[in-house]
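>
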Amino acid sequence: MSLLNKLQTILAIAKFMLNRYPPYRGAGIAIEKMDLANDYIRVKMPLTRKN
2 MSLLNKLQTI LAIAKFMLNR YPPYRGAGIA IEKMDLANDY IRVKMPLTRK
52 N
């Protein structure tokens, strides 16, 4: 497995784990895109009565 494939696998696992992190799930936050080469993480948080 090449280094790029390993990095993509690690990012997919990190995204999966962060999307299941209880404080994020409770607030409705979802990780949409992660790009660690450019230090970029895009998150989505819908506007609701609770926030």
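Per our numbering, the very first residue in the sequence shown carries number 2; after that it's consecutive. By construction, the Cβ of each residue, glycine as well, lies at the ideal position given by its N, Cα and C atoms. These numbers come from a predicted model, not from an experiment.
Out of ASP36, ILE32 and GLY27, which has the shortest C-alpha to C-alpha gap to THR49?
Here the closest residue by C-alpha is GLY27.
> Can you tell which of ASN52, ILE42 and LYS51 has the C-alpha that lies nearest to the C-alpha of ASN20?
When only C-alpha atoms are compared, the closest one is ILE42.
> My output table needs one value for MET35: the three-state DSSP class, helix, strand or coil.
The answer is strand: DSSP assigns MET35 an E or B state.
> When DSSP labels each residue in this structure, what does LYS51 get in the three-state scheme?
Residue state, collapsed to three classes: coil.
> Do you know how far the Cα of PRO24 is from the Cα of ASP36?
Computed Cα separation, rounded: 22 Å.
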